[in-house]
Each structure stands twice: as C-alpha cells, then as structure tokens.
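In this note's numbering, the protein residues as written are 355 to 538.
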C-alpha cells in the first residue's frame, strides 16, 4: 500500500535496529515484573520535517525474536498460548495520525497487529534529538510508550495462584527507544 505524501517531499528515515530497543514489561505473579525484548525488527519513518503531523511510521517485528532472558519462557511465548510465531510471524504497526502535544512530543496514533488482530494504539512519543554521526550520516532518536491488554490480541494463556490472582497480568507496557538514519 503506497504511503501518501504531502506537497513537500517526505524524508525517509530507516530505523537502525542495531541501536534501537523494543521492550515490554508485564507483572508476573502479582508482585514482580518481567521484561522482554524483540531482537529483530525493521521500520521506516516518512518524515515531513516542516509539518511532523503529516509524517508516517511503518514497522514490522519478528515475533520469534522475543527474548526475556529465559529460553523456556521464550519458547512458551512463541507457542500458540501467546504469539504463535510460526503461524503469525510478524507484529506490525502502521501510523494513522500524528498529533503534536508539545515542542518535542507527539501522540502517534496507529494500528498494532498481533496474531492477525489489529487494534488502534497511541504511542506517547518524545523526539530525543538529531545529529550527524561520526560517519557523516544524519541520525534522529525517539522514545515512545504505550500500554495494551494482551488478551485483546488473543494472548489469553494464564494460570491462577492459590490466592486466585493471575500469574500473568493482562496489561503490557511497551517502551520503544528508536534510532533512525536518514536515507540517502
């Protein structure tokens, strides 16, 4: 699907996955928090630097690249109980609207797809800065956060503790630290 452009030509910024982090955290057994990461992903930002609200973001994450630091847990997360990475190999995000909320902040509205379920989310985003790196490439950085209910996306597995509380919380916090390189 082609991305529409404003009258001004948009600048393409490729997400630098080697210098970016896609992190999630979820409450586990009520009192602790488990963090995890996705190690393989790609994306592009079509930026309208004069009118950032006309920009567009597209990203794709390999579900099988999940890493919580525990191989048995990661294997379970790749299974049909959670991501079913074999059947649904990618998690994707496509922005639909960008609203400036401050000088360096914006709400990036978009569609998040997990397990073929697509729902709207809002990424509360901060522009962290821009510079020319040691290799002469222009770089920009962003951070963003959102929270989802995993069950809305079909990630329904859970068990109950003796207290009757769930082992895994339904709420998942997603935090992004994105570095992007201006395409030449």
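All C-beta atoms in this analysis are idealised placements derived from N, C-alpha and C, irrespective of residue type, glycine included.
- Inter-residue distance for residue 397 and residue 386 is about 32 Å (C-alpha atoms, whole angstroms).
- With respect to the 7 Å criterion, residue 420 and residue 532 are not classified as neighbours on the basis of their beta carbons.
- Bounds of any alpha helix (DSSP H) do not take in residue 440, whose DSSP letter is neither H nor E.
- Restricted to the stretch 371 to 427, the beta strand (DSSP E) segments that are unbroken, complete and at least 3 residues in length are 375 to 382, 386 to 392, 395 to 401 and 410 to 416, listed in chain order.
- Between residue 399 and residue 534, the gap from beta carbon to beta carbon is short of 7 Å.
- The beta carbons of residue 377 and residue 529 sit about 5 Å from each other, so the pair counts as a contact at 8 Å.
- Judged by beta-carbon spacing, residue 380 lies within the 7 Å limit of residue 526, meaning their Cβ atoms are closer than that value.
- Taken through DSSP and simplified to helix, strand or coil, residue 527 comes out as strand.
- Counting along the chain, residue 491 sits inside no beta strand (DSSP E), nor does DSSP assign it H or E at all.
- Per DSSP, reduced to three states, the secondary structure at residue 429 is helical.
- Shown here, residue 470 sits in coil according to DSSP, grouped into three states, outside any helix or strand.
- Look at the beta carbons and you see the stretch 446 to 462 touching the stretch 470 to 482: at least three pairs across the two are nearer than 8 Å.
- The beta carbon of residue 428 is closer than 7 Å to those of 420, 421 and 422 in its chain, skipping five residues each way along the sequence.
- Residue 415 and residue 443 have their C-alpha atoms roughly 8 Å apart.
- When DSSP states are grouped into helix, strand and coil, residue 510 belongs to the coil group.
- Between residue 436 and residue 509, the beta carbon gap of about 5 Å places them in contact (Cβ cut-off 8 Å).
- Ranked by Cα distance from residue 489, the first of 405, 388, 536 and 404 is 536.
- The three-state secondary structure of residue 504, taken from DSSP, is helix.
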